[in-house]
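Below: one structure, written as structure tokens.
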Amino acid sequence: MTGIYYFLKPAIPRSVRLTIRRLFARRLRRHVGNIWPIDPAAAFTPVGWPGWPGGKKFAFVLTHDVEGRKGLERCRALAEVEIGLGFRSSFNFVPEGEYAVSETLRAFLGESGFEVGIHDLHHDGSLYRSEGTFRRQAQRINQYLQSWKAVGFRSGFMFHNLEWLQDLNVLYDASTFDTDPFEPQPDGVRTIFPFWVPGIDGKGYVELPYTMPQDSTVFLLLEETNIDLWVRKLDWVAAHGGMVLLNTHPDYMSLNGQKRVGGYSLQLYRDLLEYVTKRYAEQCWFALPKEVAHYFYANMGSGSGVNKCLFAQEIAATSSPKGREVLLERPCNPLPVDRVETQSPGTSDLRGKRMAVVLFSDFPGDARPRRAAETFVQAGMHVDIICLMEEGDDPKQETFKGIHIDRVGIVHNRGFKFHYMLRYGLFIVIALAKLAARSLTKPYDIVHVHNMPDILVFAALVPKLFGAKVILDLHDPMPELMMTIFNLRRESLAVRLMARIEKWSIAFADVVVTTNSAFERLFVSRSCSASKMRIVMNSPDETIFKFSPAQMRSRPSDQRSAPFVIMYHGTLVDRNGADLAVEALVKLRQSVPAAELRLYGPRTPYLDQIMMTLSEKGLGKSVHYLGQKSLEQLTEAIAECDVGVIPNKRSIFTELNLPTRILEYLALGKPVVAPRTQGIQDYFREDSLMFFDLGNADDLALKLSHLYFHPEESFEVVKRGQNVYRAHVWDNERRKLVDVAVELLNAGHG
Numbered sequence: 008m009t010g011i012y013y014f015l016k017p018a019i020p021r022s023v024r025l026t027i028r029r030l031f032a033r034r035l036r037r038h039v040g041n042i043w044p045i046d047p048a049a050a051f052t053p054v055g056w057p058g059w060p061g062g063k064k065f066a067f068v069l070t071h072d073v074e075g076r077k078g079l080e081r082c083r084a085l086a087e088v089e090i091g092l093g094f095r096s097s098f099n100f101v102p103e104g105e106y107a108v109s110e111t112l113r114a115f116l117g118e119s120g121f122e123v124g125i126h127d128l129h130h131d132g133s134l135y136r137s138e139g140t141f142r143r144q145a146q147r148i149n150q151y152l153q154s155w156k157a158v159g160f161r162s163g164f165m166f167h168n169l170e171w172l173q174d175l176n177v178l179y180d181a182s183t184f185d186t187d188p189f190e191p192q193p194d195g196v197r198t199i200f201p202f203w204v205p206g207i208d209g210k211g212y213v214e215l216p217y218t219m220p221q222d223s224t225v226f227l228l229l230e231e232t233n234i235d236l237w238v239r240k241l242d243w244v245a246a247h248g249g250m251v252l253l254n255t256h257p258d259y260m261s262l263n264g265q266k267r268v269g270g271y272s273l274q275l276y277r278d279l280l281e282y283v284t285k286r287y288a289e290q291c292w293f294a295l296p297k298e299v300a301h302y303f304y305a306n307m308g309s310g311s312g313v314n315k316c317l318f319a320q321e322i323a324a325t326s327s328p329k330g331r332e333v334l335l336e337r338p339c340n341p342l343p344v345d346r347v348e349t350q351s352p353g354t355s356d357l358r359g360k361r362m363a364v365v366l367f368s369d370f371p372g373d374a375r376p377r378r379a380a381e382t383f384v385q386a387g388m389h390v391d392i393i394c395l396m397e398e399g400d401d402p403k404q405e406t407f408k409g410i411h412i413d414r415v416g417i418v419h420n421r422g423f424k425f426h427y428m429l430r431y432g433l434f435i436v437i438a439l440a441k442l443a444a445r446s447l448t449k450p451y452d453i454v455h456v457h458n459m460p461d462i463l464v465f466a467a468l469v470p471k472l473f474g475a476k477v478i479l480d481l482h483d484p485m486p487e488l489m490m491t492i493f494n495l496r497r498e499s500l501a502v503r504l505m506a507r508i509e510k511w512s513i514a515f516a517d518v519v520v521t522t523n524s525a526f527e528r529l530f531v532s533r534s535c536s537a538s539k540m541r542i543v544m545n546s547p548d549e550t551i552f553k554f555s556p557a558q559m560r561s562r563p564s565d566q567r568s569a570p571f572v573i574m575y576h577g578t579l580v581d582r583n584g585a586d587l588a589v590e591a592l593v594k595l596r597q598s599v600p601a602a603e604l605r606l607y608g609p610r611t612p613y614l615d616q617i618m619m620t621l622s623e624k625g626l627g628k629s630v631h632y633l634g635q636k637s638l639e640q641l642t643e644a645i646a647e648c649d650v651g652v653i654p655n656k657r658s659i660f661t662e663l664n665l666p667t668r669i670l671e672y673l674a675l676g677k678p679v680v681a682p683r684t685q686g687i688q689d690y691f692r693e694d695s696l697m698f699f700d701l702g703n704a705d706d707l708a709l710k711l712s713h714l715y716f717h718p719e720e721s722f723e724v725v726k727r728g729q730n731v732y733r734a735h736v737w738d739n740e741r742r743k744l745v746d747v748a749v750e751l752l753n754a755g756h757g
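Residue numbers (this note's numbering): 8 to 757.
Have a look at this one:
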């Protein structure tokens, strides 16, 4: 495709080419709104990220690709505009293109504090024609890198092959992007942070993806007339602490303010620089690309050969756009020609690997599989999901945050044991067939299977035969859960069979992940050795449940006018005890008349039974069912409540479970009343959570009343509970999950 395009390009007038590209761009824009200009998944913070220098909120980096003679003629004028506004940037020149860049211009830029980089070799689309072509041109590029004292590279048309780029002697490459479906090679790296690209010989380089839409896309193809799109993306990257890296082209800028065909006014670029200076001057690290790459290497690589002290001094001198001092050639360049020999962060071991995820539930509605899949996508993996339909009209194929979803037309609903078994069996057969077929063409490196059922792990049989590693994620112990749901006895045939299947399933898997210590002890006691188990807790995603410190709740003088809001959210089934919360509310209202209960979750027959009894209990206006909410909507609901309740009834399952809802309330600074069980007390002491006796409505009412009348004590309990939560935030837990995958793949190669 690209070869044909560049062959025909000289024969097609530029205006015609631009018109055709605009038509395609407008049509494409209608279909990519979920990933462009903002891909939410790209906000993932790298494991071990130290933050930006000087505590700055984000980094701001300017680059220019000079494609032709017109662009070359405008470089000095553009640089002077930036000097006047207090900025510096990198100018990337084509060494053997249609122009020759003078040593005088390069010297002017260097002496004025700018950076000079290499932009392709010929800029004709030939660099990546074949590996042999690339290697031959790389030799010439390396010569220019050395003679120009340049450390950065960007290829023409944003073509990239991160493995081939190891042939270049660079500190950094900037040929990728977080998301840009308008590029001829549109595979975004889905991060707004720099990352390390390791070489097989231990060498490597820093990759700096551009994170702002290119000027050519915004003003030439989409014909925007203002910088709103730029501002929207800049504000989003800044809010997530990433790297704002903009790439513009002097070739398309009209310096005299007059709009011309195939160009845009320089004033739009000035408007952006003035905006970032006015709004973010004290929050932003204004840096050159090589400064960002140096900083990343020094803080995220082994950094053993870097003079960090000198580099830190340079950072301090350049942290403001106004009054930037001219920086000459660095005395502490750790990568003069041969780059760096170091180990990459663990996630780089997963980049480019393929993962299949299988779950007998809906996606992305199921929170744990969603967090896990997003984690692996952020680590650079290609992730395919095989799951159920939540509703009959859900699309069978869909892409969500870069995750490829394949829904099987079996709607998940609750029913009798026979219905469970029938749906389980049919889904397993379909998933096995899909994975087998895919393994013949594009084998998977890892298959991640979520229970229930445990036996679903055998859908990975064919990928495992082809060398894939298998992770079995046991959300819950199936025998205990089935005993609770269907009121089965442990010695019943069905429960004994499920325990045997659990043992077989664990034996088939390469590693088993579960959610808390109580579950781990149970599985180890009957199905596997401790060495095969890993705990990755069901912590809430802190990008959604953003931490809020506990606040003292003042007791109102008029107890009848100010509501005391108790909240329950989750699956509305008997074992979770929403009816227990209703019984506690009846008793609580005797001392706290303004108490009310808000219920959130999917509607079930169990809920309908509860709602039918409210009038006779005198609670017709005190219990509110507010439906099922997204995670984002739940954070708003929690913010409006005074206390969260986990009103579980006593069962063998609830004795072991650690509800994620506890951590969600604590993340947002709300007190929680939870049952005194082993699964919870493995993590929370008596002074770090408000406990009630499991299944006891009277004790639940008593603890809610105590919490209401003793806000000071409640405040202290929440603070201690938040300390437990912060030790198990999802950022920590996802690192454990990444480590599991890296460990498996490294073991497979060892």
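No residue lacks a Cβ here, since even glycine has one placed at the ideal position from N, Cα and C.
Check your understanding: So, is E289 buried or exposed, given that buried needs 16 or more other C-beta atoms within 10 angstroms?
Key -> Position 282 of the sequence shown holds residue 289. Looking at its Cβ environment, which holds fewer than 16 other Cβ atoms inside 10 Å, E289 is exposed.
Practice item. Go to P255, then tell me how far its beta strand (DSSP E) extends in each direction, as first and last residue. Key: Counting from one through the sequence shown, the residue named residue 255 turns up at place 248. The amino acid at residue 255 is misidentified as Pro; the sequence shows Thr. Membership of T255 in the beta strand (DSSP E) is indicated by the continuous run 250 to 255.
Practice item. Leaving out five residues on either side along the sequence, give the residues of the same chain with a beta carbon under 6 Å from the beta carbon of K743. Key: As a working note, residue 743 is residue 736 in the sequence shown. These residues qualify, in order along the chain: V543.
Check your understanding: If we ignore side chains and look at the alpha-carbon of each, how far apart do M490 and I659 end up?
Key -> Here the question's residue 490 lines up with position 483 in the sequence shown. Here the question's residue 659 lines up with position 652 in the sequence shown. The straight-line gap from Cα to Cα measures roughly 8 Å.
Check your understanding: Is the beta carbon of K471 sitting closer than 7 Å to the one on I453?
Key -> To locate residue 471, count along the sequence shown from 1; it is residue 464. To locate residue 453, count along the sequence shown from 1; it is residue 446. Remark: C-beta atoms of K471 and I453 do not approach each other more closely than 7 Å.
**Study point:** Three-state secondary structure (DSSP) of C82
**Key:** If you number the sequence shown from 1, residue 82 lands on position 75. In the three-state DSSP reduction, C82 falls in the helix class (H, G or I).
Exercise for review: Would you mind stating whether P296 and V68 have Cβ atoms separated by less than 7 Å?
Suggested key: Within the sequence shown, the letter at position 289 stands for residue 296. Within the sequence shown, the letter at position 61 stands for residue 68. Against a cut-off of 7 Å, the Cβ pair of V68 and P296 comes out as a contact.
Check your understanding: Measuring CB to CB, does L178 end up less than 7 Å from I148?
Key -> Sequence index remark: in the sequence shown, residue 178 carries index 171 (1-based). Sequence index remark: in the sequence shown, residue 148 carries index 141 (1-based). If you check the CB distance, L178 and I148 do not come in under 7 Å.
Check your understanding: Less than 7 Å separating the beta-carbons of V108 and H130?
Key -> Within the sequence shown, numbered from 1, the residue matching residue 108 stands at position 101. Within the sequence shown, numbered from 1, the residue matching residue 130 stands at position 123. In this structure, V108 sits away from H130, with a CB-CB distance that is not shorter than 7 Å.
Review point. In chain order, what residues of the same chain lie with their CB nearer than 7 Å to the CB of D761, ignoring the 5 residues before and after it?
Key: Residue 761 lies beyond the range of the chain shown here (8 to 757); nothing can be said about it.
Check your understanding: Anyone know if the C-beta pair for E214 and D180 falls short of 7 Å?
Key -> Looking up residue 214 in the sequence shown gives position 207. Looking up residue 180 in the sequence shown gives position 173. In this structure, D180 lies closer than 7 Å to E214 by Cβ.
Point to revise | Complete alpha helix (DSSP H) runs within the region 639 to 689 (minimum length 4 residues, chain order) | key: Taking 4 residues as the shortest admissible run, the region 639 to 689 contains the following complete alpha helix (DSSP H) segments, listed from N- to C-terminal end: 667 to 674, 685 to 688.
**Study point:** Simplified DSSP state of I412, which is helix, strand or coil
**Key:** One-based indexing of the sequence shown puts residue 412 at position 405. In the three-state DSSP reduction, I412 falls in the strand class (E or B).
**Study point:** Local conformation of R361 per DSSP, three classes
**Key:** Locating residue 361 in the sequence shown gives position 354, counting from the first residue. Per DSSP, reduced to three states, the secondary structure at R361 is strand.
Check your understanding: Taking the runs of the beta strand (DSSP E) that are 3 residues or longer, which of them lie wholly in the region 107 to 165?
Key -> Runs of the beta strand (DSSP E) inside the region 107 to 165: 122 to 126, 159 to 161.
Practice item. Rank K510, R668, I42 by C-alpha distance to the C-alpha of I687 and give the top, closest one. Key: As a first step, residue 687 must be located in the sequence shown, where it is residue number 680. The option with the nearest alpha carbon to I687 is R668.
Exercise for review: Quick one: using the 10 Å Cβ neighbour count with 16 as the cut-off for buried, is E110 buried or exposed?
Suggested key: Position 103 of the sequence shown, counted from the start, is the residue given in the question as residue 110. Exposed.
**Study point:** Below-7 Å beta-carbon distance, T284 vs any chain C residue
**Key:** You won't find chain C in this structure, because it holds only one protein chain.
Check your understanding: Among G651, T406, L606, which has the Cα closest to the Cα of L633?
Key -> The residue given as residue 633 occupies position 626 in the sequence shown. When the alpha-carbon of L633 is set against those of G651, T406, L606, the nearest one is in L606.
**Study point:** Backbone secondary structure at R596 - three-state DSSP
**Key:** Within the sequence shown, the letter at position 589 stands for residue 596. The answer is coil: DSSP assigns R596 none of H, G, I, E or B.
Practice item. Consult DSSP for I42 and reduce its assignment to one of helix, strand or coil. Key: In the sequence shown, counting from the first residue as 1, residue 42 sits at position 35. Correct three-state label for I42: coil.
Point to revise | Selection from L112, F473, L481 that minimises the alpha carbon distance to L463 | key: Here residue 463 is taken as the residue at index 456 of the sequence shown, counted from 1. Considering only alpha carbons, the answer is L481.
Review point. Any idea which residues DSSP pairs C394 with across the strands?
Key: The residue labelled residue 394 in the question sits at position 387 within the sequence shown. In the DSSP output, where bridge partners are listed per residue, C394 has R414.
**Study point:** Nearest neighbour of L366, chosen from W292, V283, I478 [CA to CA]
**Key:** Residue mapping note: residue 366 aligns to position 359 of the sequence shown, counting from 1. That would be I478, whose Cα lies nearest to the Cα of L366.
Practice item. Excluding the 5 residues preceding and the 5 following L488 in the sequence, name in chain order all residues of the same chain whose CB lies nearer than 6 Å to its CB. Key: In the sequence shown, counting from the first residue as 1, residue 488 sits at position 481. Once the five neighbours on either side are set aside, the close Cβ partners of L488 are F660.
Exercise for review: Can you say whether G416 is buried or exposed, counting buried as having 16 or more other CB atoms within 10 angstroms of its CB?
Suggested key: Taking the first residue of the sequence shown as 1, we reach residue 416 at position 409. G416 counts as exposed, since fewer than 16 other beta carbons sit within 10 angstroms of its beta carbon.
Check your understanding: Rounded to a whole number of angstroms, what is the C-alpha to C-alpha distance between A48 and A704?
Key -> For the purposes of this step, residue 48 is taken as the residue at position 41 of the sequence shown. For the purposes of this step, residue 704 is taken as the residue at position 697 of the sequence shown. Straight across, the Cα-Cα distance linking A48 with A704 is about 42 Å.
**Study point:** Cα-Cα separation between Q150 and G728, rounded to whole angstroms
**Key:** Mapped onto the sequence shown, residue 150 falls at position 143. Mapped onto the sequence shown, residue 728 falls at position 721. Computed Cα separation, rounded: 59 Å.
Review point. Which residue from T578, V572, K403, I617 puts its Cα closest to that of E590?
Key: The residue labelled residue 590 in the question sits at position 583 within the sequence shown. The closest CA to that of E590, considering only T578, V572, K403, I617, is found on I617.
**Study point:** Beta-carbon gap between Q685 and A506 smaller than 7 Å
**Key:** The count along the sequence shown starts at 1 and reaches residue 685 at position 678. The count along the sequence shown starts at 1 and reaches residue 506 at position 499. Going by beta carbons, Q685 and A506 fall outside the 7 Å limit.
Check your understanding: For F571 versus D649, is the C-beta spacing smaller than 7 Å?
Key -> Position 564 of the sequence shown, counting from 1, holds the residue named residue 571. Position 642 of the sequence shown, counting from 1, holds the residue named residue 649. Yes.
Point to revise | 6 Å Cβ shell around G651 - same chain, five flanking residues per side excluded | key: Counted from its first residue, the sequence shown places residue 651 at position 644. Same-chain partners within the cutoff: M574, Y672, K677, V679.
Check your understanding: With 16 other CB atoms within 10 Å as the buried threshold, where does Q153 fall?
Key -> Taking the sequence shown and counting its residues from 1, one reaches residue 153 at position 146. Per the 10 Å Cβ criterion, exposed.
Check your understanding: In or out: L504 buried (at least 16 other Cβ within 10 Å) or exposed?
Key -> Position 497 of the sequence shown holds residue 504. Counting Cβ neighbours within 10 Å, L504 comes out exposed, since fewer than 16 surround it.
Review point. When you compare only the Cα positions, how much space is there between F141 and Q385?
Key: The residue labelled residue 141 in the question sits at position 134 within the sequence shown. The residue labelled residue 385 in the question sits at position 378 within the sequence shown. For F141 and Q385, the distance between alpha carbons rounds to 28 Å.
Point to revise | Contact under 7 Å by Cβ, G211 with W203 | key: Mapped onto the sequence shown, residue 211 falls at position 204. Mapped onto the sequence shown, residue 203 falls at position 196. Contact: yes.
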